[in-house]
Amino acid sequence: MRTNNLGYPRIGSNRELKKACELYWSGKITSDELVATGEKIRKDNWLLQANAGIDLIPSNDFSFYDQVLDLSLTLGAIPEQYKEFSEKNSELDLYFAMARGAQKDNLDVKAMEMTKWFDTNYHYIVPEFTRNQKFSLFSEKIINEFKEAKKLGIKTKPVLIGPVSYLLLGKEKQTGFHRIELINNLLPVYFEILKKLEAEDVEYIQFDEPFLALNLSDIERAAITRTYNEINNHFPTIKIIVANYFDCFGENLRTALSLPVHTLHLDLVRCSLQLDDILASKYLSDKTHFSLGIVDGRNIWKNDFKESLSLIKKAINAFGKDRILIAPSCSLLHSPCDLELETNETTLTPEIKQWLAFSKQKIEEVVLLKKFACSELDAKNHPEYIENTIANAKRKTATIIHNETVKNRVSKIAEKDSQRDNSFIIRRKKQIEALQLPLFPTTTIGSFPQTTEVRSWRAKFKKGELTQQHYDELIQKETEETIRFQEETGIDVLVHGEFERNDMVEYFGEQLDGFTFTKNGWVQSYGSRCVKPPIIYGDVSRPKPMTVKWSEFAQSLTSKWVKGMLTGPVTILQWSFVRNDQPRATTCTQIALAIRDEVVDLENAGIKIIQIDEPAIREGLPLRKEEWNNYLDWAIKAFRIAASGVKDDTQIHTHMCYSEFNDIIQNIADMDADIITIECSRSQMELLDAFADFKYPNEIGPGVYDIHSPRVPSSKEMLHLLEKATAVIPADQLWVNPDCGLKTRHWDETKKALIEMVDAAKKMRVLA
Ligand code: GLN
Ligand code: ZN
Numbered sequence: 012m013r014t015n016n017l018g019y020p021r022i023g024s025n026r027e028l029k030k031a032c033e034l035y036w037s038g039k040i041t042s043d044e045l046v047a048t049g050e051k052i053r054k055d056n057w058l059l060q061a062n063a064g065i066d067l068i069p070s071n072d073f074s075f076y077d078q079v080l081d082l083s084l085t086l087g088a089i090p091e092q093y094k095e096f097s098e099k100n101s102e103l104d105l106y107f108a109m110a111r112g113a114q115k116d117n118l119d120v121k122a123m124e125m126t127k128w129f130d131t132n133y134h135y136i137v138p139e140f141t142r143n144q145k146f147s148l149f150s151e152k153i154i155n156e157f158k159e160a161k162k163l164g165i166k167t168k169p170v171l172i173g174p175v176s177y178l179l180l181g182k183e184k185q186t187g188f189h190r191i192e193l194i195n196n197l198l199p200v201y202f203e204i205l206k207k208l209e210a211e212d213v214e215y216i217q218f219d220e221p222f223l224a225l226n227l228s229d230i231e232r233a234a235i236t237r238t239y240n241e242i243n244n245h246f247p248t249i250k251i252i253v254a255n256y257f258d259c260f261g262e263n264l265r266t267a268l269s270l271p272v273h274t275l276h277l278d279l280v281r282c283s284l285q286l287d288d289i290l291a292s293k294y295l296s297d298k299t300h301f302s303l304g305i306v307d308g309r310n311i312w313k314n315d316f317k318e319s320l321s322l323i324k325k326a327i328n329a330f331g332k333d334r335i336l337i338a339p340s341c342s343l344l345h346s347p348c349d350l351e352l353e354t355n356e357t358t359l360t361p362e363i364k365q366w367l368a369f370s371k372q373k374i375e376e377v378v379l380l381k382k383f384a385c386s387e388l389d390a391k392n393h394p395e396y397i398e399n400t401i402a403n404a405k406r407k408t409a410t411i412i413h414n415e416t417v418k419n420r421v422s423k424i425a426e427k428d429s430q431r432d433n434s435f436i437i438r439r440k441k442q443i444e445a446l447q448l449p450l451f452p453t454t455t456i457g458s459f460p461q462t463t464e465v466r467s468w469r470a471k472f473k474k475g476e477l478t479q480q481h482y483d484e485l486i487q488k489e490t491e492e493t494i495r496f497q498e499e500t501g502i503d504v505l506v507h508g509e510f511e512r513n514d515m516v517e518y519f520g521e522q523l524d525g526f527t528f529t530k531n532g533w534v535q536s537y538g539s540r541c542v543k544p545p546i547i548y549g550d551v552s553r554p555k556p557m558t559v560k561w562s563e564f565a566q567s568l569t570s571k572w573v574k575g576m577l578t579g580p581v582t583i584l585q586w587s588f589v590r591n592d593q594p595r596a597t598t599c600t601q602i603a604l605a606i607r608d609e610v611v612d613l614e615n616a617g618i619k620i621i622q623i624d625e626p627a628i629r630e631g632l633p634l635r636k637e638e639w640n641n642y643l644d645w646a647i648k649a650f651r652i653a654a655s656g657v658k659d660d661t662q663i664h665t666h667m668c669y670s671e672f673n674d675i676i677q678n679i680a681d682m683d684a685d686i687i688t689i690e691c692s693r694s695q696m697e698l699l700d701a702f703a704d705f706k707y708p709n710e711i712g713p714g715v716y717d718i719h720s721p722r723v724p725s726s727k728e729m730l731h732l733l734e735k736a737t738a739v740i741p742a743d744q745l746w747v748n749p750d751c752g753l754k755t756r757h758w759d760e761t762k763k764a765l766i767e768m769v770d771a772a773k774k775m776r777v778l779a
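For what it's worth, the working numbering labels the leading residue of the sequence shown as 12, then goes sequentially.
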């Protein structure tokens, strides 16, 4: 039996990589210094795993930005627009230019598109393909990193994304072909890489083929079969591991089991039952090894050794010890680095800390599980086993987790709790009456610029360097100025600006019971951007109102309507580490009830318009379509529970970004928000088509300008987009707003853009 790791976090336990990258980008350190930081992180990670007792230690899991972009560079899949830049710059600068765009020496190149990595909050750079795309070995990173580890005395297992998943992760930039057809051009470059690694005496290579967890076409499945047959023909002595994660193989099981590869990696955390399917399958060969992904790579809970060992024993009985590897469920890229760095007992209490494991601890768990599974002695006598059992037993009964009032309330939820009093048609009449808004009402999505000053006030207040009163005064002043600006600009529905909020999930988590936070639990989101998700450890409840004070204050300043701003239950769930001792649906419903109480309190405080943001609804969709309905049922219901406590004439908005709505438009309509605002400008209103085709009944605010760019759009451009919108959606259903919140923008560009936006709305009113 061996231990196997699929990937280790590369950000460094103190975010050294983030810091070094940002210093390099701003010209404060040299490329040599950045490269040295990378080397140090790789070395530390390899030694840490070797010392812990991992047998198959990954290399090429390191990346300065993203592993998919690394592979594009390796394979020479460099889009035409970077050609000139590539000739005049180093490989490293070309790489960063593809990731982030660059303006240098009269060259101006845009960044490549970025999107979410399966159902995680990690983002990768989308490969771009043209018809007859050629590939060639451009970067030797994977070979260099293997050699680098070898010098340290460690023979690693290089990891890379398999050819089929690589193609499927990308996008066709021309019509008339499907990217999977490029497999013929692509395979020779993979062979070249394998050849070079073979010359370096590689033993294992891991190919990630996570698309095996998705619904594949016959052609795609055939491409997988062909790929690994050819690899086996050319390199019969290299031990090939094909890794699948985030779900089971589903209808791809036969294909996977029939591959002539040394090892298949399984995600047994997401799907422990697949082991039974595999054992029952007639396609199971008597040679394949299985890497049992049994330690959760996506969450922060301590492994349950007792449960894991019973699963491992089942596998041992079927395959024998020699054909088994013990592993985390997926790359540890999605876990924070090291729990031991959490030394602040007020942020993370010892009681909760004993239930957790971050990457370093997960590596130790993998090694311990192998030890217990192999030892002839009863595991129950090992001190580590005993400690694990006690911690997990305590978690089951801990009083800080279980709140009977919350559980009771969830069990008593009735159908009417997820329904407004009346249908949208009736509500709409009452809202028109109560709110008296013009045609094409203008509004924004919530946040206004978070200046360095605003951020410094929050930081100082947290450190105790500002009193509550002084801090409140500063935020009040900023809020008042924002209200005045919106009034002067002629915006119809105002917002308070969200200056008191650090982050749209953390702000609520900090005020809800059942949440806790880390000081250093960073996880890479994209490039140098890391997030620190809250940990939901217990039943969620709301001890007191969370946002009423600021909304009430803002409303008191003006005779216009000020929108209340909340984050929805699905988004709070999706962007947190979620408890694994009850279904996600239950946790989501608990959050929904807390938000519902907040909505009702806002209404009672005189707030007539309330927005519940749900930008993460779409990303929560399960990977396999068969599971969509179940998820959508509870997720949409959670939103409705949050939104349905108010009277007909209180107007509920929701907001979503980075989403395509085509295949879930019915569910979006089922949310029954009075208004939905969506990101639309970058697609030139294309995203609106889904709503138009569906004849979406409620009101919509398609974003008319891109808030990701400092560029100020003209009223003419926005007018053009609005005209496009009115061509497909009736005018009296349309709102006018930016794509998303303005917190990352500067004030000068924000002011100019909103003045233009209001001008565009006014022109539309004349035209209509
Ligand atoms: N109300 C939030 C804001 O404006 C919404 C952010 C989001 O959709 N991601 O910042
Ligand atoms: Zn948004």
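Even glycine gets a Cβ: it sits at the ideal position worked out from N, Cα and C.
None of these values were measured; they are calculated from a predicted model.
Helix, strand or coil: how does DSSP classify residue i here?
i      : result
Arg13  : strand
Gly520 : helix
Ala779 : coil
Ile424 : coil
Ser370 : helix
Asp333 : helix
Phe702 : helix
Gly261 : helix
Ile740 : coil
Gln114 : strand
Val551 : strand
Phe510 : coil
Mind checking whether the beta-carbon of residue i lies closer than 6 Å to any heavy atom of the ligand ZN?
i      : result
Pro749 : no
Cys668 : yes
Going by beta-carbon coordinates alone, are residue i and residue j separated by less than 7 Å?
i      : j      : result
Phe96  : Leu634 : no
Pro749 : Ile711 : no
Leu277 : Ala267 : no
Glu33  : Ser539 : yes
Phe140 : Gly187 : no
Phe383 : Ile335 : no
Glu211 : Phe157 : yes
Asp55  : Tyr135 : no
Ser694 : Ile618 : no
Pro556 : Phe526 : no
At a cut-off of 6 Å, is residue i close to the ligand GLN when judged by its beta-carbon and the heavy atoms of the ligand?
i      : result
Cys691 : no
Pro626 : yes
Ile456 : yes
Gly712 : no
Met515 : yes
Counting C-beta neighbours from all protein chains within 10 Å, is the total for residue i 16 or more, i.e. buried, or is it exposed?
i      : result
Ser567 : exposed
His800 : Beyond the ends of the chain as shown, which are 12 and 779, falls residue 800; an answer cannot be given.
Asp116 : exposed
Thr408 : exposed
Leu450 : exposed
Asn355 : exposed
Ile795 : One cannot answer for residue 795 here, as it falls past the ends of the chain, which runs 12 to 779.
Lys405 : exposed
Glu398 : exposed
Ile230 : exposed
Using the DSSP secondary-structure output, state which residues sit across from residue i in a beta bridge.
i      : result
His666 : Asp624 and Thr688
Gln217 : Val170 and Ile252
Val534 : Val542
Gly187 : Its beta-bridge partners do not exist; DSSP assigns none.
Ala338 : Gly304
Asn748 : Gly714
Asp119 : Gln114
Glu139 : Lys182
Lys648 : Answer is none; Lys648 lacks a bridge partner.
Lys54  : Paired residues: none, contrary to the question.
Lys574 : Ile620
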